[in-house]
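Working notes for the structure below.
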Amino acid sequence: MRCAPQFLSILLAVGASTCLTSPARAQGGPSTTRSREHATVKDHVRRGQRARAAGQWTEAHAAYKAAFDAADPESTTERDRAEIAGELGLCELALGKYRDAAEHLAWSLEQREALPAALQKRFEEGQRKATPHVAKLRVSVDPPDAEVFVDGKAVGRIARVYTLFVEPGLHMVRARAPGGEDAFQSVRAVAKAEHELSLHVSRAPVSSAEEGAPLSPNETPRPLRAPAAAQARPASPWASWPGTARIGGIAVTTATAAAGSVFLLRAHVVHGDLRERDVTLRAQGWTSHTCREASAPASCAGIRDQVNERDLFATLGKVSLATSAVFGVATAASFFTEVAFFGGTPRATGVRLVPVTTNERAGVLLEGAW
């Protein structure tokens, strides 16, 4: 019986030590994870510094990009993030990626108070070198929760005023908000210039107070009524003809261009046969007046048929290419004149074709629901 108190005291001591050590381990988990992430960011930065010192800008860019993506407010300081963004921008400047360089250097210099004077000077010098190659867009959006896209690519953050850098050329800026129609605006960006854009996304009409009021327990829910404007305006049978006409125009343009190429190729082949035949006949003593004489050989009829065939295919090829050019220009012009002829912004439903051109590529952005 005298051993029972000692055994009980041993059990209490073991339980107390377990309770004390378990919370300590639980509290040490997140801090250990943060320190590991911070060490990873530092490893990327050290790798970027070694590559930059060796003049290996591609490797340095990859390392600083990995550090920039891994850095977050919980594991790094504001100075760390600003310095990483600035070094990433300098690597992009050395690689000729001027738009990305201007964007990351501008982001870094927004936290210039956290940077030493020497780093501020380096990043400002890099920003001055990148700016002449890009254009700056200041886009104001209403409402502020609208999502902004540039050439179909989301900007990735929400703000009322955006400061964006783009390559010189034609760009399409779009704003989208829940429950509203998209707002579009195209801009021809000029290097070293700053462009002001304003996009307003119109909200969908809200239901009346009566329709939005809560129902009583015994009241039967009523179906929502469509807006008065939608009820009063019936759907027009011509509402979808621009898109259909454009599809037809693209089809005709493609078909006539292909046919014209085939016709001209055939005319070229026949012309080559005639030249070879001419060389052979001249070697046999023929002249350019042989087939014009009264006693012309019978083979002259075949030569005339080949000449007529060549001229026919050449004419058909030229007419087909001219037709293709006309339909192509008319179809392309319809994209730029839709707003002028039909008013407002492009329709929010259906399929939209938006022309997009940059200094590197040109094409058509197809979007919508189908």
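Those letters in the sequence shown? Residues -26 to -1, 1 to 344, by mature numbering (1 follows the signal peptide of the UniProt record, and there is no 0). The beta-carbon is built from N, C-alpha and C at its ideal position, and this holds for glycine as well.
Contact between the region 234 to 247 and the region 285 to 294 is present, with at least three C-beta pairs closer than 8 Å. H145 and R251 have their C-alpha atoms spaced approximately 55 Å apart. The C-beta distance from V115 to R86 rounds to 26 Å, too long to fall under 8 Å, and the pair is not in contact. Rounded to the nearest angstrom, the Cβ distance from W31 to L93 is 19 Å, too far for a contact under 8 Å. The shortest C-alpha to C-alpha distance from L255 to any of T228, T105, I277 is the one to I277. Following the DSSP letters along the chain, one finds H78 inside the alpha helix (DSSP H) bounded by residues 72 to 83. Contact between the region 143 to 159 and the region 115 to 126 is established, with three or more Cβ pairs separated by less than 8 Å. Distance from the CA of R55 to the CA of G22, rounded to the nearest whole angstrom, comes to 14 Å. With contacts defined as CB atoms closer than 8 Å, H78 and A109 fail to qualify as a contacting pair.
Here Q94 carries a helix assignment [DSSP, helix/strand/coil].
One thing to note: F42 has its Cβ no nearer than 8 Å to the Cβ of L64. Closest in C-alpha terms to D156, from the list A163, V140, A167, L173, comes L173.
Residue pairing by DSSP places K16 in no beta bridge whatsoever.
Rounded to whole angstroms, the Cβ separation of V140 and L111 is 6 Å, and the two are in contact under 8 Å. Here G246 is exposed, its C-beta having fewer than 16 other C-beta atoms within 10 Å. Judged by their CB atoms, A151 and A120 are nearer to each other than the 8 Å cut-off. In the DSSP assignment, T32 falls within the alpha helix (DSSP H) that extends over 31 to 44. E170 carries a strand assignment under DSSP once its states are collapsed to helix, strand and coil. Looking from the CA of E283, the closest CA among H242, S176, A76 belongs to H242. If you draw a straight line from the Cα of T289 to the Cα of S160, it is about 40 Å long. Boundaries of the alpha helix (DSSP H) harbouring A56: 52 to 68, taken from the DSSP string.
Remark: C-beta atoms of T264 and A270 approach each other more closely than 8 Å.
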